[in-house]
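S.K.: Protein sequences, first through last, are from chains A and B. Per my numbering, the very first residue in the first sequence carries number 44; after that it's consecutive. Per my numbering, the very first residue in the second sequence carries number 44; after that it's consecutive. The beta-carbon is built from N, C-alpha and C at its ideal position, and this holds for glycine as well. The model shown is predicted, which means the values in this text are computed figures rather than measured ones. Could you have a look at this structure, given as structure tokens, before my questions?
Protein chains: 2
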Amino acid sequence: MAEPLDPDMFHPMCPSSALPFQIGDKWTGMIVLCLAGGPRRFTELRVPLRAITPKVLSQTLRTMCRDGLVTRTAYDENPPRVEYELTELGRSLLVLIDAVREWSDQYLPAILAARESHQV
Amino acid sequence: MAEPLDPDMFHPMCPSSALPFQIGDKWTGMIVLCLAGGPRRFTELRVPLRAITPKVLSQTLRTMCRDGLVTRTAYDENPPRVEYELTELGRSLLVLIDAVREWSDQYLPAILAARESHQV
DNA sequence: GATACTGGTTACCTCAACGATACCGGCCTA
DNA sequence: TAGGCCGGTATCGTTGAGGTAACCAGTATC
Numbered sequence: 044m045a046e047p048l049d050p051d052m053f054h055p056m057c058p059s060s061a062l063p064f065q066i067g068d069k070w071t072g073m074i075v076l077c078l079a080g081g082p083r084r085f086t087e088l089r090v091p092l093r094a095i096t097p098k099v100l101s102q103t104l105r106t107m108c109r110d111g112l113v114t115r116t117a118y119d120e121n122p123p124r125v126e127y128e129l130t131e132l133g134r135s136l137l138v139l140i141d142a143v144r145e146w147s148d149q150y151l152p153a154i155l156a157a158r159e160s161h162q163v
Numbered sequence: 044m045a046e047p048l049d050p051d052m053f054h055p056m057c058p059s060s061a062l063p064f065q066i067g068d069k070w071t072g073m074i075v076l077c078l079a080g081g082p083r084r085f086t087e088l089r090v091p092l093r094a095i096t097p098k099v100l101s102q103t104l105r106t107m108c109r110d111g112l113v114t115r116t117a118y119d120e121n122p123p124r125v126e127y128e129l130t131e132l133g134r135s136l137l138v139l140i141d142a143v144r145e146w147s148d149q150y151l152p153a154i155l156a157a158r159e160s161h162q163v
């Protein structure tokens, strides 16, 4: 259904951490992006989000479920299979994320430059 | 130059706290909005942001200065006068804030409804 | 019997953001 | 000389998001 996720899709040194912008909790935005291409399993999500611990991932997914951003579907198989999928509501965040991305392309360098030249 | 700010412009019970979105630190987005209408003095900013303490306000403004979002101009008068003003970079955030607002009008009710119906 | 896989949970800890409160220096006015 | 205005600082305490490490149940496979 969906191609495997790029293990490097979220690079730890990515300057986007300087963005004055956050989608939900720390990992919410990245999870939305991971799910953009179709439903994913718990363990699949851990691959691109290398730094996330299972506790925080399940915590974040639970919050996103509660807010109606994702659905959780458990299949009665062995080994167990659970799939998370964006709802229409969750998918609507992609538009915002794209707006942030465009802003970032245009203005993030200016923020980094301002920090650079701001001697304390 | 600019009309006085509405002391009630940020209501403590505003459901926007449920938005899966944040501009910078806790107060950054609101400060940008306060400065949208023109330069403001330190004390002027404290009016609409009733709950902010001077420490946090000056801290946040310093960060925004560092990132090139606002400028700080101190006039040599008595009593002292210091004005904060959005830079072009800071002003560019207004576009994003507006996008968030539109998203909010359309989808925030769905989030609140999802929380409502999500019995734990 | 041991080990592995999946999808988690539990208990504990850390740290930075945020808040409360008090205070400061320079000038002006009463 | 006492107080107020302005633009902050200094000190301390709290809180909660997030991280660490270990563990668990159920099944299958070696």
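Between the segment 127–148 of chain A and chain B, which residues of the former have CB atoms less than 8 Å from a CB of the latter, in chain order?
M.R.: Leu132, Ser135, Leu136, Val138, Leu139, Ala142, Val143 and Trp146
S.K.: For B/Ala117, which residues does DSSP report across the bridge?
M.R.: Sequence index remark: in the second sequence, residue 117 of chain B carries index 74 (1-based). Bridge partners of B/Ala117: B/Val125.
S.K.: Since A/Phe85 is in the beta strand (DSSP E), which residue starts that stretch and which ends it?
M.R.: Taking the first residue of the first sequence as 1, we reach residue 85 of chain A at position 42. Unbroken run through A/Phe85 is the alpha helix (DSSP H), Phe85 to Arg89; no beta strand (DSSP E).
S.K.: Our contact map puts A/Ser59 next to A/Ser147 with C-beta atoms below 8 Å; I'd like the distance itself, whole angstroms only.
M.R.: Translated into positions along the first sequence, residue 59 of chain A becomes position 16. Translated into positions along the first sequence, residue 147 of chain A becomes position 104. Indeed, because the Cβ distance is near 7 Å, the residues count as touching under 8 Å.
S.K.: Going along chain B, which residues have a C-beta under 8 Å from A/Thr71?
M.R.: By 1-based counting over the first sequence, the position of residue 71 of chain A is 28. Taking a Cβ-Cβ cut-off of 8 Å, the neighbours of A/Thr71 in chain B comprise Pro63, given in sequence order.
S.K.: Check the Cβ of B/Ile74 against every Cβ in chain A and list those closer than 9 Å, keeping chain order.
M.R.: Position 31 of the second sequence, counting from 1, holds the residue named residue 74 of chain B. Within 9 Å Cβ-Cβ: nothing; B/Ile74 doesn't reach chain A, min ~11 Å.
S.K.: Look at the Cβ atom of A/Thr103, then the Cβ atom of A/Thr130, and state whether they are nearer than 8 Å.
M.R.: Taking the first sequence and counting its residues from 1, one reaches residue 103 of chain A at position 60. Taking the first sequence and counting its residues from 1, one reaches residue 130 of chain A at position 87. It is not a contact, given that the beta carbons lie outside the stated cut-off.
S.K.: Hey, is A/Ile95's beta-carbon within less than 8 Å of any beta-carbon in chain B?
M.R.: Mapped onto the first sequence, residue 95 of chain A falls at position 52. A/Ile95 does not count as touching chain B.
S.K.: In chain B, what lies closer than 9 Å to A/Arg158 by C-beta?
M.R.: Here the question's residue 158 of chain A lines up with position 115 in the first sequence. Per Cβ cutoff of 9 Å: Arg109, Asp110 and Gly111.
S.K.: Going by C-alpha distance, which of A/Arg158, A/Pro122, A/Met52 and A/Leu76 is nearest A/Arg93?
M.R.: Counted from its first residue, the first sequence places residue 93 of chain A at position 50. Of the candidates A/Arg158, A/Pro122, A/Met52 and A/Leu76, the one whose C-alpha sits nearest the C-alpha of A/Arg93 is A/Met52.
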